[in-house]
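Participant: Chains A and B, in that order, are what the protein sequence lines are.
Going by the working numbering, the first residue of the first sequence is number 1, and it counts up by one from there.
Going by the working numbering, the first residue of the second sequence is number 307, and it counts up by one from there.
Even glycine gets a Cβ: it sits at the ideal position worked out from N, Cα and C.
Sending over a structure as structure tokens; questions will come in a sec.
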Amino acid sequence: MALIATQSLTKQYNGRVTALSDLTLRVEPGIIGLVGANGAGKSTLIKILLGLLPPTSGQARVLELDPTTQAEQVRARVGYMPEHEALPPDMAAAEFVTHMGRISGLPRATARERASEALRHVGLYEERYRQIGGYSTGMKQRVKLAQALVHDPDLLLLDEPTNGLDPAGRDAMLNLVQRIGTEFGIAVLVCSHLLGEVERICDHLVAIDGGRLLRSDAVSAMTTSRDVLAVEVSEGTDELVTQLDKLGLAPQRDGRLVLVPLADETTYDRILTAVAELDLPLHRLDRRRHRVAELFTTKEAVGGRA
Amino acid sequence: MAAPEQATPTGVIHDIGYQRYSGPRLGRGYATRSLYEHGLRSSFGLGRSAKAKIFPWLVVGIAGLVAAVLVAIRAQTGAVPLTYDQFPQQLSLLTIFFCAIVAPELVSRDLKSGVLPLYFSRPISRTDYALAKLGALGSAVFLLLAGPLLLMFIGAAFTLKGGPGKIWDEFVDFLGGAAYCAIYAILFSAIAILVASLIGRRAVAAGAVVAVFLLTTPVVGVLSVLPSETSRQLAGLASPLTLVGGVGDWLFGQGAAGEDNFGIGTYGPLYGLVTVLLAAACVLGLLARYRKVAR
Numbered sequence: 001m002a003l004i005a006t007q008s009l010t011k012q013y014n015g016r017v018t019a020l021s022d023l024t025l026r027v028e029p030g031i032i033g034l035v036g037a038n039g040a041g042k043s044t045l046i047k048i049l050l051g052l053l054p055p056t057s058g059q060a061r062v063l064e065l066d067p068t069t070q071a072e073q074v075r076a077r078v079g080y081m082p083e084h085e086a087l088p089p090d091m092a093a094a095e096f097v098t099h100m101g102r103i104s105g106l107p108r109a110t111a112r113e114r115a116s117e118a119l120r121h122v123g124l125y126e127e128r129y130r131q132i133g134g135y136s137t138g139m140k141q142r143v144k145l146a147q148a149l150v151h152d153p154d155l156l157l158l159d160e161p162t163n164g165l166d167p168a169g170r171d172a173m174l175n176l177v178q179r180i181g182t183e184f185g186i187a188v189l190v191c192s193h194l195l196g197e198v199e200r201i202c203d204h205l206v207a208i209d210g211g212r213l214l215r216s217d218a219v220s221a222m223t224t225s226r227d228v229l230a231v232e233v234s235e236g237t238d239e240l241v242t243q244l245d246k247l248g249l250a251p252q253r254d255g256r257l258v259l260v261p262l263a264d265e266t267t268y269d270r271i272l273t274a275v276a277e278l279d280l281p282l283h284r285l286d287r288r289r290h291r292v293a294e295l296f297t298t299k300e301a302v303g304g305r306a
Numbered sequence: 307m308a309a310p311e312q313a314t315p316t317g318v319i320h321d322i323g324y325q326r327y328s329g330p331r332l333g334r335g336y337a338t339r340s341l342y343e344h345g346l347r348s349s350f351g352l353g354r355s356a357k358a359k360i361f362p363w364l365v366v367g368i369a370g371l372v373a374a375v376l377v378a379i380r381a382q383t384g385a386v387p388l389t390y391d392q393f394p395q396q397l398s399l400l401t402i403f404f405c406a407i408v409a410p411e412l413v414s415r416d417l418k419s420g421v422l423p424l425y426f427s428r429p430i431s432r433t434d435y436a437l438a439k440l441g442a443l444g445s446a447v448f449l450l451l452a453g454p455l456l457l458m459f460i461g462a463a464f465t466l467k468g469g470p471g472k473i474w475d476e477f478v479d480f481l482g483g484a485a486y487c488a489i490y491a492i493l494f495s496a497i498a499i500l501v502a503s504l505i506g507r508r509a510v511a512a513g514a515v516v517a518v519f520l521l522t523t524p525v526v527g528v529l530s531v532l533p534s535e536t537s538r539q540l541a542g543l544a545s546p547l548t549l550v551g552g553v554g555d556w557l558f559g560q561g562a563a564g565e566d567n568f569g570i571g572t573y574g575p576l577y578g579l580v581t582v583l584l585a586a587a588c589v590l591g592l593l594a595r596y597r598k599v600a601r
């Protein structure tokens with residue numbers, strides 16, 4: 001089953017501003033990261049998926065439903081956490097989440113029960129009868145997440161869930177999102193303008209820029225083939241490159257670093273041997289993980305030239 | 307409060323993990339009703355802080371007190387100082403203040419807090435939202451006016467002499483009064499909700515609601531002193547307050563208590579028509595407003 005599928009999706013505002021341009025993608029259930037700079041079209045895409053905005057052209061399908069004609073059914077099965085402040089300050093969190101549960105169609109007693117549960121899962125059990133106005137930013141983000149979770153959706157749309165949080169708060173929020181995606185079994189689309197933040201928790205990454213698709217791929221497919229070793233020597237970098245080239249390791253100069261693709265575990269030894277033979281002072285040798293950001297920038301640069 | 311003997315053991319303290327939900331999901335109609343109910347409760351400050359309860363209940367208290375005094379006077383002296391249709395007219399100023407406090411509470415608050423995207427990402431539509439809020443305020447205003455009216459009727463029914471026939475006549479009068487309360491409720495709430503839905507700050511919205519109702523009264527004053535009989539009789543159309551008053555005069559006969567209250571002449575049907583058109587225009591305006599907001 002495709003979780004989200006779009007076909008040549010285009011959205012123009014007032015016929016002039018293009019927010020999305022010919023976007024075609026297909027993702028399976030899991031934790032999906034939607035990354036792009038501010039104004040790349042992430043929020044527009046979410047609004048189209050929720051049936052809040054009609055696309056100018058092209059089609060979208062969410063959970064096998066068409067949001068333009070079956071908006072009500074889509075929204076009943078999707079939970080949405082908006083980017084901006086969206087909570088009434090003069091209500092207790094438990095009461096607000098219960099209310100939102102009822103608006104999602106939960107019977108009264110069930111709504112109350114599930115609201116408590118949702119707040120417990122986001123880590124706000126003790127404080128749930130306090131007014132939201134007195135909450136910290138981190139707690140407010142958790143209430144926003146709880147209200148999106150209360151009706152047990154099949155898909156969560158999270159728009160910049162780490163907005164305004166300190167580093168510890170960001171980590172906690174990301175861990176929570178990861179738990180929802182893995183333990184709770186709810187598919188998650190998490191938007192962020194920070195690639196480094198979401199790549200850690202996502203199975204699949206979709207990158208858009210200026211409303212166009214840069215790349216949509218499984219995270220595993222992006223990282224495995226691209227692990228590299230970074231070697232730094234205090235002097236004799238050129239000699240090292242020549243030596244490694246002779247060994248067929250395809251080294252690349254990157255400033256003071258030499259980057260060597262990691263073919264297998266023997267690559268380490270071969271580099272160390274080469275360094276020892278040349279008698280160079282080795283500064284560091286480490287493995288670079290998750291070069292996803294680099295992939296996107298490379299791809300973008302290629303796209304820009306084309 | 308929830309029944310203590312709930313089927314699910316909510317009191318058990320151990321982490322049972324996340325539970326998927328497979329029970330019924332009630333649709334849009336239920337969601338709209340829930341929103342309406344929530345709005346009606348918040349109109350009287352229920353489920354809100356103590357501070358939010360002060361003003362609505364003060365107004366309810368005054369209306370109730372007026373009704374109680376009227377019942378007492380009638381029981382003691384047999385005189386009827388205010389008939390069922392005059393009661394909402396006399397309380398119209400109080401009704402305006404009630405609308406000015408409650409309408410911003412219902413809609414401006416949601417605008418300010420940014421909660422609308424959370425509603426609109428759920429099964430209810432923008433129109434459902436607007437109508438639920440309008441219905442909540444309309445019902446609250448109706449309860450505010452018709453509640454004391456019911457008190458007056460019950461009081462009268464217990465003190466009336468002359469058998470069931472008299473009580474039936476009294477009941478018919480009461481129904482007329484209640485219908486008149488409904489007209490007040492519909493028009494006043496439609497205007498107040500529309501005005502409040504345009505303004506995010508509650509205090510400003512409250513001021514604007516009062517302004518729309520009261521700043522139009524000097525126009526009525528000016529028109530009614532012009533040396534033309536027609537302009538005097540049509541003056542009431544210029545303000546919602548006198549407009550509904552004129553409708554009352556038309557429907558319940560001018561001067562039930564012996565005087566011509568609003569002096570509408572033979573223009574009664576016009577007052578009725580303008581009331582309907584104004585209410586309809588406000589509702590359409592409200593729906594148009596919510597088609598645009600929080601996109």
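CA-CA distance, Lys-418 (chain B) and Asp-479 (chain B)?
Facilitator: As a first step, residue 418 (chain B) must be located in the second sequence, where it is residue number 112. As a first step, residue 479 (chain B) must be located in the second sequence, where it is residue number 173. Cα to Cα, Lys-418 (chain B) sits roughly 43 Å from Asp-479 (chain B).
Participant: Under 9 Å, do Pro-423 (chain B) and Arg-334 (chain B) count as touching if we go by C-beta distance?
Facilitator: Within the second sequence, the letter at position 117 stands for residue 423 (chain B). Within the second sequence, the letter at position 28 stands for residue 334 (chain B). Remark: C-beta atoms of Pro-423 (chain B) and Arg-334 (chain B) do not approach each other more closely than 9 Å.
Participant: Which residues in chain B have a C-beta closer than 7 Å to the C-beta of Ile-103 (chain A)? List them in chain order.
Facilitator: Residue mapping note: residue 103 (chain A) aligns to position 103 of the first sequence, counting from 1. Chain B residues near Ile-103 (chain A): Ala-337, Ser-340, Leu-341, Tyr-425, Arg-428 and Ile-430.
Participant: Going by C-alpha distance, which of A:Glu-127, A:Val-260 and A:Gly-41 is nearest Val-206 (chain A)?
Facilitator: Residue mapping note: residue 206 (chain A) aligns to position 206 of the first sequence, counting from 1. Val-206 (chain A) has its Cα closest to that of A:Gly-41, out of A:Glu-127, A:Val-260 and A:Gly-41.
Participant: Who are the Cβ neighbours of Asn-38 (chain A) in its own chain at under 8 Å, not counting the five residues just before and after it?
Facilitator: The sequence position of residue 38 (chain A) within the first sequence is 38, counting from 1. Contacts found: His-193.
Participant: If you draw a straight line from the alpha carbon of Phe-519 (chain B) to that of Thr-182 (chain A), how long is it in whole angstroms?
Facilitator: Here residue 519 (chain B) refers to the residue found at position 213 when the second sequence is read from its first residue. Here residue 182 (chain A) refers to the residue found at position 182 when the first sequence is read from its first residue. Near 57 Å, if we compare the C-alpha coordinates of Thr-182 (chain A) and Phe-519 (chain B).
Participant: Which one or two residues does DSSP pair with Lys-11 (chain A) in a beta bridge?
Facilitator: For the purposes of this step, residue 11 (chain A) is taken as the residue at position 11 of the first sequence. For Lys-11 (chain A), which the question treats as bridged, DSSP gives the partners A:Leu-20.
Participant: Can you tell me whether Cys-487 (chain B) is helix, strand or coil according to DSSP?
Facilitator: In the second sequence, counting from the first residue as 1, residue 487 (chain B) sits at position 181. Note: Cys-487 (chain B) maps to helix in three-state DSSP.
Participant: Using a cut-off of 7 Å between C-beta atoms, extract the partners of Leu-346 (chain B) located in chain A.
Facilitator: Counted from its first residue, the second sequence places residue 346 (chain B) at position 40. Result: empty, since nearest Cβ-Cβ is about 13 Å, beyond 7 Å.
Participant: Give the list of continuous beta strand (DSSP E) stretches no shorter than 3 residues that lie fully inside the region 146-199 of chain A.
Facilitator: Taken in chain order, the complete beta strand (DSSP E) segments of 3 or more residues contained in the region 146-199 of chain A are 155-159 and 187-192.
Participant: Please list the terminal residues of the continuous alpha helix (DSSP H) segment that includes Pro-575 (chain B).
Facilitator: The residue given as residue 575 (chain B) occupies position 269 in the second sequence. 574-598 is the span of the alpha helix (DSSP H), which, as asked, contains Pro-575 (chain B).
Participant: For Leu-481 (chain B), which option in B:Leu-364, B:Asp-391, B:Val-582 and B:Pro-362 has the closest C-alpha, if you only look at C-alpha atoms?
Facilitator: The residue labelled residue 481 (chain B) in the question sits at position 175 within the second sequence. For the residues B:Leu-364, B:Asp-391, B:Val-582 and B:Pro-362, the minimum Cα distance to Leu-481 (chain B) belongs to B:Asp-391.
Participant: Classify Thr-137 (chain A) as helix, strand or coil using the three-state DSSP reduction.
Facilitator: For the purposes of this step, residue 137 (chain A) is identified with residue 137 of the first sequence, where counting begins at 1. Helix at Thr-137 (chain A).
Participant: Skipping 5 residues on each side, what residues in its chain have a beta carbon closer than 6 Å to that of Pro-55 (chain A)?
Facilitator: Along the first sequence, one-based indexing puts residue 55 (chain A) at 55. Within the same chain, Pro-55 (chain A) has close Cβ partners Leu-9, Lys-11 and Ile-48.
Participant: Determine the contact status of Ala-93 (chain A) and Glu-127 (chain A), defining contact as a CB-CB distance below 9 Å.
Facilitator: In the first sequence, counting from the first residue as 1, residue 93 (chain A) sits at position 93. In the first sequence, counting from the first residue as 1, residue 127 (chain A) sits at position 127. Contact check for Ala-93 (chain A) against Glu-127 (chain A) passes: the beta carbons are separated by less than 9 Å.
Participant: Under 7 Å Cβ to Cβ from Pro-261 (chain A), same chain only, skipping five residues before and after it: list those, please.
Facilitator: Here the question's residue 261 (chain A) lines up with position 261 in the first sequence. Cβ within range, chain order: Val-228 and Ala-250.
Participant: How would you call Ala-509 (chain B), buried or exposed, if buried means at least 16 neighbouring beta carbons within 10 angstroms?
Facilitator: Here residue 509 (chain B) refers to the residue found at position 203 of the second sequence. The residue is exposed, with fewer than 16 neighbouring Cβ atoms inside 10 Å.
Participant: Which partner residues does Tyr-80 (chain A) have in the DSSP bridge list?
Facilitator: On the first sequence, residue 80 (chain A) is found 80 positions in, with the first residue counted as 1. According to DSSP, which records beta bridges pairwise, Tyr-80 (chain A) is partnered with A:Leu-157.
Participant: How many whole angstroms separate the CB atoms of Leu-455 (chain B) and Phe-393 (chain B), which I take to be in contact at a CB cut-off of 8 Å?
Facilitator: Position 149 of the second sequence, counted from the first residue, corresponds to residue 455 (chain B). Position 87 of the second sequence, counted from the first residue, corresponds to residue 393 (chain B). With 8 Å as the limit, Leu-455 (chain B) and Phe-393 (chain B) qualify as a contact, their Cβ atoms being about 6 Å apart.
Participant: Looking at the secondary structure, which residues open and close the beta strand (DSSP E) in which Pro-261 (chain A) lies?
Facilitator: Walking along the first sequence from the start, residue 261 (chain A) turns up at place 261. If you look at Pro-261 (chain A), you'll find it in the beta strand (DSSP E) that goes 257-261.
Participant: For the beta strand (DSSP E) holding Glu-232 (chain A), just list the boundary residues, first then last.
Facilitator: Within the first sequence, residue 232 (chain A) is the residue found at index 232, counting from 1. Where Glu-232 (chain A) is concerned, the enclosing beta strand (DSSP E) stretches over 228-233.
Participant: Using 10 angstroms around the beta-carbon of Arg-415 (chain B), count the other beta-carbons present and answer buried if the total reaches 16, otherwise exposed.
Facilitator: The residue labelled residue 415 (chain B) in the question sits at position 109 within the second sequence. Classification for Arg-415 (chain B): buried.
Participant: How long is the line joining the alpha carbons of Val-372 (chain B) and Leu-451 (chain B), rounded to whole angstroms?
Facilitator: For this step, residue 372 (chain B) is matched to residue 66 along the second sequence. For this step, residue 451 (chain B) is matched to residue 145 along the second sequence. Taking the straight line from one Cα to the other gives about 11 Å.
Participant: Shorter than 9 Å from the beta carbon of Gln-326 (chain A) to some beta carbon of chain B?
Facilitator: The structure shown has nothing for residue 326 (chain A), since chain A only spans 1 to 306.
Participant: Return the residues of the region 435-450 of chain B that lie within a Cβ-Cβ distance of less than 9 Å from chain A, sorted by chain order.
Facilitator: Residues of the region 435-450 of chain B with a C-beta atom less than 9 Å from some C-beta of chain A do not occur.
Participant: Identify the continuous beta strand (DSSP E) that holds Ile-31 (chain A) and give its terminal residues.
Facilitator: By one-based count along the first sequence, residue 31 (chain A) stands at place 31. In the DSSP annotation of this structure, the continuous segment of the beta strand (DSSP E) that includes Ile-31 (chain A) starts and ends at 31-35.
Participant: Would Leu-443 (chain B) and Ala-409 (chain B) be called neighbours here (beta carbons separated by less than 9 Å)?
Facilitator: Here the question's residue 443 (chain B) lines up with position 137 in the second sequence. Here the question's residue 409 (chain B) lines up with position 103 in the second sequence. Yes. Within cutoff.
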